[in-house]
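Colleague: This is the structure I want to talk about, given as structure tokens.
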Amino acid sequence: MTLQETLEIHVKAAIKALFNSELESVEFQATRKEFAGDVTVVVFPMLRVVKGNPAVIGEQVGQYLLDNVDLVKGFNVVKGFLNVEISDKYYLDFFKSIKEDDTFGFAKQKDDKAVMVEYSSPNTNKPLHLGHVRNVLLGYSVSEILKASGKKVYKTQIINDRGIHICKSMLAYQKFGNGEVPTEDFKGDKLVGNYYVKFDQAYKQEVAELVTQGQSEEDAKKNAPLLLEAQEMLIKWEAGDEDVVALWKKMNEWVYAGFDVTYKNIGVDFDAYYYESNTYLLGKEFVAEGLKSGVFEEDPDGSVWCDLTEDGLDRKIVLRSDGTAVYMTQDIGTAIQRIKDYPDVGGMVYTVGNEQDYHFKVLFLILKKLGFDWAKNLFHLSYGMVDLPSGKMKSREGTVVDADDLIQEMTDTAEEISKELGKLEEYDEDEKQALYKTIGLGALKYYILKVDPKKRILFDPKESIDFQGNAAPYIQMAYARIQSILRKANSTNGIVASDAFNDAIVLHEKEKQLIKQLEQFPEMIQSAAEQHSPALIANYTYDLVKDFSSFYQNLPIVLGNEDVNSQKFRISLSKTVGQTIKNAFQILGIEVPERM
RNA sequence: GGUCGCAUAGCUCAGCUGGAUAGAGCACCUGCCUUCUAAGCAGGCGGUCCUAGGUUCGAAUCCUAGUGCGAUCACCA
Numbered sequence: 000m001t002l003q004e005t006l007e008i009h010v011k012a013a014i015k016a017l018f019n020s021e022l023e024s025v026e027f028q029a030t031r032k033e034f035a036g037d038v039t040v041v042v043f044p045m046l047r048v049v050k051g052n053p054a055v056i057g058e059q060v061g062q063y064l065l066d067n068v069d070l071v072k073g074f075n076v077v078k079g080f081l082n083v084e085i086s087d088k089y090y091l092d093f094f095k096s097i098k099e100d101d102t103f104g105f106a107k108q109k110d111d112k113a114v115m116v117e118y119s120s121p122n123t124n125k126p127l128h129l130g131h132v133r134n135v136l137l138g139y140s141v142s143e144i145l146k147a148s149g150k151k152v153y154k155t156q157i158i159n160d161r162g163i164h165i166c167k168s169m170l171a172y173q174k175f176g177n178g179e180v181p182t183e184d185f186k187g188d189k190l191v192g193n194y195y196v197k198f199d200q201a202y203k204q205e206v207a208e209l210v211t212q213g214q215s216e217e218d219a220k221k222n223a224p225l226l227l228e229a230q231e232m233l234i235k236w237e238a239g240d241e242d243v244v245a246l247w248k249k250m251n252e253w254v255y256a257g258f259d260v261t262y263k264n265i266g267v268d269f270d271a272y273y274y275e276s277n278t279y280l281l282g283k284e285f286v287a288e289g290l291k292s293g294v295f296e297e298d299p300d301g302s303v304w305c306d307l308t309e310d311g312l313d314r315k316i317v318l319r320s321d322g323t324a325v326y327m328t329q330d331i332g333t334a335i336q337r338i339k340d341y342p343d344v345g346g347m348v349y350t351v352g353n354e355q356d357y358h359f360k361v362l363f364l365i366l367k368k369l370g371f372d373w374a375k376n377l378f379h380l381s382y383g384m385v386d387l388p389s390g391k392m393k394s395r396e397g398t399v400v401d402a403d404d405l406i407q408e409m410t411d412t413a414e415e416i417s418k419e420l421g422k423l424e425e426y427d428e429d430e431k432q433a434l435y436k437t438i439g440l441g442a443l444k445y446y447i448l449k450v451d452p453k454k455r456i457l458f459d460p461k462e463s464i465d466f467q468g469n470a471a472p473y474i475q476m477a478y479a480r481i482q483s484i485l486r487k488a489n490s491t492n493g494i495v496a497s498d499a500f501n502d503a504i505v506l507h508e509k510e511k512q513l514i515k516q517l518e519q520f521p522e523m524i525q526s527a528a529e530q531h532s533p534a535l536i537a538n539y540t541y542d543l544v545k546d547f548s549s550f551y552q553n554l555p556i557v558l559g560n561e562d563v564n565s566q567k568f569r570i571s572l573s574k575t576v577g578q579t580i581k582n583a584f585q586i587l588g589i590e591v592p593e594r595m
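Mapping to numbering that gives the first Met the number 0: the first sequence position 227 is 226, numbers consecutive.
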């Protein structure tokens, strides 16, 4: 039971005993640091049940708690706020109960339904950029947070491997490729992306020529020979043309190999892959079923629609008049297929940008109408775009921040800073490189994850990502320091963190603050899971580390600490804080270094 | 035009179900490295919480209207 739960019972009992009234709930908050006390009971809401002066009621309740509850050792009332002081013993007992738990904060897996989390979901015609990075980091972290909250999780993606976009790259490759193949220094996704850009350049040139020949720009865009050729290619692909399919397979394989390197670089993984080239057919089957059951309706031209006007939305097309699938078709198919493949899945999370809010609203509604009971457990993890100062990133125009390049730049920056600080001299080259990556990548991940997912991020490549203050390296530094302290303690006088300390500890304010902060961690994971927000974990970790840094700079832990019992306690406390930092960063997907 | 989202310090962001004098980091200014790592600590400066109404004992938080920015409303994905 948490401290608040315990106190809630007693406050209710107090109101019952003193005023013979029933309290629905009790409102708590942390006591502000200018007042004495640890937990504050807000008296105002009680006035609905108990009439009287809030200050007087606060006094009476406080006195009751002091008389009847062991862990309460004092109180004071300021206006309508009852500040309750909690005994050190409570905090020490709590700390003892968690200090040897390396999985502190993580809930035991509950035996309920699994969640499938979709993220990344790239097109196969271009490399991953900063926008994908936000998607991938969010999806991965939310998956890990859900796991830590006690859920079983499958990570998945839908790969948009067919369509006009990949045909454009293919066509450009056919025309200008001269048999170029990926090399170790030039990944396949980059290669294919280059031909996508080349297509666009050549296409624009054609359009311009047509316009000088007198066509309107609108017509020219439709009539440019390259576009017509690409569309022809798509038709051939759908018809199963051997040459086209062979080229499509070859180029997609190049892209997948390139993506794998990037994912590995970022440090994310997947449990299941779905390909649009498979699922769009599936969607058609379910559309046919929905047509029979009356969820969908067919127009005279043969197109199939879902009428959502009664739900305040529009009519939505689910099949074109020529019988081909649209985006919605395949998403319906994919969702149903996933549940068939993983029957233990009871809900899904889609990590997709907020430009598709409407699409998912419609998708979820259609799945509900089709009668799937799991449709009520679908969640669109909608996040804001990552924009540049110049505006939106556009792959075609080459105005993107490439994922691989960005990671390399962050690693290089970490190296520069480390050298400036002149640390790491005694490290060998491999260790150094690994550390630069840990710090650089950590800084990038933290920078993105600490922001509320639904807010958009403006990324200015000229302004460097922070390595100080509310940033990953600050937190990693604290972790490394703690490991250093543990080594020091062991080498100085043989104390290890698991050594028992006795109860003759009088908690220093900074020690108590740390324990209070630790106490928050499990519920922080639960609310981060409920809200699908890694930002909560990031900000929590920062607060914990700030408290630790203050503790570390103001109190002697090993050296200069005469009291062996206190040494043991502080070492143990440091170790547990370190473990909590590690656990928190693990679910953000950020590594911590043993030294830095 | 309809719908959805966002708006807090010069900049980047916290602020949970309404609660005490709105908090951090960066930047700027002061101190602190011959004890465990200064990517740090201690402190200072900095606010019309977009505007106007409303609900409430109490509003950055909830409601209404407006302003600004973004997204979306395709037989594109």
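Just so you know, even glycine gets a beta-carbon here, dropped at the ideal spot from N, CA and C.
Going residue by residue through the stretch 9 to 70, where are the continuous alpha helix (DSSP H) segments of at least 4 residues, counting only ones entirely within it?
Modeller: 53 to 67
Colleague: Per DSSP, what kind of secondary structure is V325 in: helix, strand or coil?
Modeller: coil
Colleague: Enumerate in chain order the residues of its own chain whose CB-to-CB distance from I97 is below 8 Å, with the five nearest sequence positions on each side excluded.
Modeller: Correct list, in chain order: F103, L517, T575.
Colleague: If D37 sits next to V83, beta carbons under 8 Å apart, how far is it from one beta carbon to the other, in whole angstroms?
Modeller: 7 Å
Colleague: For L387, write down the residues that DSSP places opposite it in a beta bridge.
Modeller: G390
Colleague: If you run the structure through DSSP and keep just helix, strand and coil, what is K174?
Modeller: It is helical.
Colleague: By a C-beta neighbour count over all protein chains shown, 10 Å radius and 16 as the cutoff for buried, is V180 buried or exposed?
Modeller: Burial call: exposed.
Colleague: Counting pairs of beta carbons, one from the stretch 481 to 499 and one from the stretch 555 to 572, are three or more of them closer than 8 Å?
Modeller: yes
Colleague: Find the nearest neighbour of F74 within the set Q62, N67, V68, judged by alpha-carbon distance.
Modeller: Q62
Colleague: Which residue from F550, T437, K509 puts its Cα closest to that of Q585?
Modeller: T437
Colleague: Using DSSP with H/G/I as helix, E/B as strand and the rest coil, what is H601?
Modeller: It is not possible to answer for residue 601, since the shown part of the chain is limited to 0 through 595.
Colleague: Can you tell me the Cβ-Cβ gap for S292 and L318, rounded? I've got them flagged as a contact below 8 Å.
Modeller: Not really, about 15 Å apart at Cβ, beyond 8 Å.
Colleague: Using beta-carbon positions only, say whether M169 and M115 come within less than 8 Å of one another.
Modeller: no
Colleague: Over what stretch of residues does the beta strand (DSSP E) that includes E117 continue unbroken?
Modeller: 113 to 117
Colleague: Comparing C-alpha positions only, which one of K154, P126, G213, D542 sits nearest to Y272?
Modeller: K154
Colleague: Quick one: give me the first and last residue of the beta strand (DSSP E) that N82 is part of.
Modeller: 80 to 85
Colleague: Evaluate S20 with the Cβ neighbour count: other Cβ atoms within 10 Å of its Cβ, from every protein chain shown; 16 or more gives buried, anything less gives exposed.
Modeller: exposed
Colleague: Just to confirm my understanding: we take P121, look at its own chain, exclude 5 residues before and 5 after, and list those with CB closer than 8 Å. What are they?
Modeller: The answer, listed in chain order, is L127, H131, Q156, I158, N159, F258.
Colleague: Please classify P533: is it buried, with 16 or more other beta-carbons within 10 angstroms of its beta-carbon, or exposed?
Modeller: buried
Colleague: Going along the chain, which unbroken runs of the alpha helix (DSSP H) with 4 or more residues stay wholly within the stretch 169 to 255?
Modeller: 187 to 211, 216 to 222, 224 to 238
Colleague: Just grab the DSSP bridge partners of G346 for me.
Modeller: V114
Colleague: Distance, Cα to Cα, Y349 vs F185?
Modeller: 31 Å
Colleague: Would R594 and A479 qualify as a contact pair, given that the criterion is a beta-carbon distance under 8 Å?
Modeller: yes
Colleague: Taking contact to mean 3 or more Cβ pairs, one atom from each stretch, closer than 8 Å, check whether the stretch 373 to 391 and the stretch 338 to 346 are in contact.
Modeller: Here the stretch 373 to 391 makes contact with the stretch 338 to 346; the two share three or more CB pairs at distances below 8 Å.
Colleague: Are the beta-carbon atoms belonging to V60 and L91 less than 8 Å from one another?
Modeller: In this structure, V60 sits away from L91, with a CB-CB distance that is not shorter than 8 Å.
Colleague: Considering only residues of the same chain and omitting the five flanking positions on each side of E26, which have a CB-CB separation below 6 Å?
Modeller: V41, P44
Colleague: Give, in chain order, every unbroken run of the alpha helix (DSSP H) that is at least 4 residues long and sits entirely within the stretch 370 to 434.
Modeller: 402 to 420
Colleague: Is the beta carbon of E228 less than 8 Å from the beta carbon of G441?
Modeller: no
Colleague: Where does Y445 sit, in a helix, a strand or coil, going by DSSP?
Modeller: helix
Colleague: Between L145, L46, K545, S276, which has its C-alpha nearest K109's C-alpha?
Modeller: Selected option, being the one with the closest Cα: L145.
Colleague: Find out if the Cβ-Cβ distance for the pair F550, L513 is shorter than 8 Å.
Modeller: yes
Colleague: Which same chain residues, not among the five before or five after E294, have their C-beta less than 6 Å away from its C-beta?
Modeller: Per the sequence shown, residue 294 should be read as Val rather than Glu. These residues qualify, in order along the chain: K368, L369.
Colleague: Look up A271 in the DSSP assignment and give the residues it is bridged to.
Modeller: T155
Colleague: Using the Cβ count rule (16 or more neighbours within 10 Å means buried), how would you classify N134?
Modeller: Classification of N134: buried, given that the 10 Å Cβ count is 16 or more.
Colleague: Please check the pair T278 and G239, which I expect to be a contact at CB under 8 Å, by giving their CB distance rounded to whole angstroms.
Modeller: About 17 Å separates the two Cβ atoms, so there is no contact after all.
Colleague: Can you list the alpha helix (DSSP H) stretches of 4 or more residues lying completely in the stretch 286 to 343, in chain order?
Modeller: 326 to 340
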